[in-house]
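Data first, discussion second: the structure below is written as structure tokens.
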Ligand code: SF4
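In our numbering, the protein residues as written are 5 to 465.
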């Protein structure tokens with residue numbers, strides 16, 4: 005068995021090296037060979053093969069996707085391209101899979117695919133509704149601890165790490181860590197304001213960093229939420245990244261007021277022109293416990309429209325979009341504590357970036373303790389919480405779930421907003437009312453767009 009595994013590893017390494025070689029020399033002319041090598045690598049994995057086939061068909065038959073893939077291959081810095089392939093696909097998806105499966109089979113412990121970590125909550129901006137504002141800025145995780153947590157994550161098979169905050173570029177040492185863990189893929193979500201020519205050079209030198217820049221629409225929307233002058237600085241950061249061939253995308257918190265702008269052709273085309281390769285749309289979430297937050301939340305109709313329009317942009321333009329909520333059926337509903345988790349700046353381990361509840365603090369504890377804890381296991385056992393995966397959330401769609409689970413496993417709220425979610429009846433009733441309002445829209449799209457079918461394999465975890 006050992007010999008068979010070793011031989012298989014040698015064969016897989018040879019395929020990965022071959023693809024790296026194709027990416028090194030004229031990648032745009034080697035696409036067919038790359039697809040065939042990738043299929044060979046995944047020949048025993050039926051689901052992966054199906055997914056690769058879908059992408060290959062899109063490349064061959066869909067003009068905008070052909071253009072999108074060619075643009076990435078032709079205009080991305082060579083090292084960044086190779087790192088994206090080796091770290092994200094080869095390491096995070098292919099090699100780490102069997103490593104993580106061992107824990108699942110042996111002890112029913114699920115090692116998530118991606119770790120989110122907020123090393124510091126310091127930020128030069130004070131954006132309206134930002135969840136970061138509810139943490140103390142004194143509570144940075146020491147550098148050695150961040151290093152240890154990343155090492156433990158990587159050793160467990162987590163090769164994709166999203167760095168949040170606060171502002172990830174506030175801490176210089178993070179660039180040292182990106183360099184140190186050069187087999188891991190990092191995505192810092194940043195305001196972009198601290199990206200200078202020197203920082204952009206270092207990101208390019210690392211190769212394993214794909215920044216996501218926050219932008220809330222054109223100048224008026226971005227500056228009114230993030231502060232005067234922010235929009236121009238974000239655009240400047242995009243130019244610095246684009247000039248160097250660094251892969252990057254943007255993230256937008258979608259509110260009642262900016263929804264039409266961020267989903268417009270004009271705005272999306274501007275981002276494509278600037279070199280962005282993808283947009284993440286996040287529903288504005290009322291997690292700070294502030295009544296004003298409800299006014300910024302999308303209406304039920306707007307939330308449905310966000311899904312519709314995100315799919316349309318993804319289908320028609322040479323661009324990739326992720327709508328964190330309306331794309332939930334593709335990943336089997338809620339992925340909290342199962343495929344992803346968040347370590348906040350106090351080292352509390354939370355099931356997701358919006359759910360500020362925890363049972364494990366990492367000070368003096370190994371990361372695996374959080375995955376072995378009943379909290380994450382309980383969540384996984386009841387996911388999806390709803391047959392309709394367009395209503396995936398334990399806080400804003402299935403509003404009793406978070407209360408019941410926290411009670412059962414003894415999870416404590418990490419901040420005042422989370423406390424409110426558990427104990428403030430008025431707040432809870434408001435959330436439930438908004439969930440009820442969204443239900444008919446979700447049911448309609450679930451039937452008409454998804455044919456009442458989501459990704460059950462993923463849902464099982
Ligand atoms: S709890 Fe809600 S916000 Fe968090 S991952 Fe699940 S669906 Fe998303």
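Here a beta-carbon is modelled for each residue, glycine too, at the ideal position from N, C-alpha and C.
What you are looking at is a predicted structure, and each value in this text was computed from that prediction instead of being measured.
Taken in chain order, the unbroken stretches of beta strand (DSSP E) that lie wholly in the segment 203-278 and span 3 residues or more are 216-218, 253-258. In this structure residue 345 is not in contact with residue 287, their Cβ atoms being roughly 19 Å apart against a cut-off of 8 Å. For the set 397, 115, 214, 33, the Cα lying nearest the Cα of residue 97 is the one of 115.
Pairwise C-beta distances place the segment 99-110 out of contact with the segment 168-178, as fewer than three of them are shorter than 8 Å. Residue 181 sits away from residue 213, with the two beta carbons spaced by 8 Å or more. Between residue 265 and residue 225, the gap from beta carbon to beta carbon is short of 8 Å. A direct Cα-to-Cα measurement between residue 119 and residue 338 gives close to 15 Å.
Look at residue 70 here: in three-state DSSP terms it is helix. Boundaries of the alpha helix (DSSP H) harbouring residue 408: 405-413, taken from the DSSP string. For residue 58, the enclosing alpha helix (DSSP H) has its first and last residue at 50-65. Following the DSSP letters along the chain, one finds residue 314 in no beta strand (DSSP E) but inside the alpha helix (DSSP H) bounded by residues 304-320. Of 250, 376, 382, the smallest CA-CA separation from residue 160 is found for 376. The C-beta separation of residue 122 from residue 348 comes to about 5 Å, placing the pair in contact by the 8 Å criterion. Under a 10 Å Cβ-count criterion, residue 146 is classified as exposed, with fewer than 16 other Cβ atoms of the shown protein chains found around its own Cβ.
Fewer than three beta-carbon pairs drawn from the segment 309-323 and the segment 351-359 are found closer than 8 Å, and the two stretches are therefore not classed as touching. The C-beta separation of residue 174 from residue 124 comes to about 6 Å, placing the pair in contact by the 8 Å criterion. Under the three-state reduction of DSSP, residue 461 is assigned to helix.
When the five nearest sequence neighbours on each side are left out, the beta carbons in the same chain lying within less than 7 Å of the beta carbon of residue 434 are those of 298, in order along the chain.
Taking residue 231 as the centre and dropping the five residues before and after it, the same chain places the C-beta of 129 closer than 6 Å to its C-beta, in chain order. Annotation: the continuous beta strand (DSSP E) that includes residue 191 extends over 189-194. Distance from the Cα of residue 18 is smallest, within the candidate group 8, 44, 31, for 44. Annotation note: the segment 93-136 contains the following uninterrupted alpha helix (DSSP H) runs of length 4 or greater, listed N- to C-terminal: 100-111. In the three-state reduction of the DSSP assignment, residue 298 falls in the helix class. Around the C-beta of residue 11, fewer than 16 other C-beta atoms lie within 10 Å, and the residue is accordingly described as exposed. Per DSSP, the continuous beta strand (DSSP E) segment holding residue 283 begins and ends at 282-287. For residue 177, the enclosing alpha helix (DSSP H) covers residues 177-184.
In this structure, residue 379 sits near residue 415, with a CB-CB distance shorter than 8 Å. Going by beta carbons, residue 308 and residue 245 fall outside the 8 Å limit. For residue 345, the pairing in a beta bridge is given by DSSP as 119. Each of 334, 72, 429 was checked against the Cα of residue 51, and the nearest Cα belongs to 334. Pairing residue 372 with residue 152, the inter-Cα distance amounts to about 13 Å. Here the distance from the Cβ of residue 410 to the nearest heavy atom of the ligand SF4 is not below 7 Å.
Here residue 80 is buried. Its C-beta has 16 or more other C-beta atoms within 10 Å. Taking the Cβ of residue 446 as the reference point, every heavy atom of the ligand SF4 lies at 7 Å or farther away. Under the DSSP definition of a beta bridge, residue 417 partners with 361.
Summarising the contact set, residues whose Cβ lies nearer than 6 Å to any heavy atom of the ligand SF4 are, in chain order, 338, 339, 340, 356, 358, 359, 396, 397, 398, 399.
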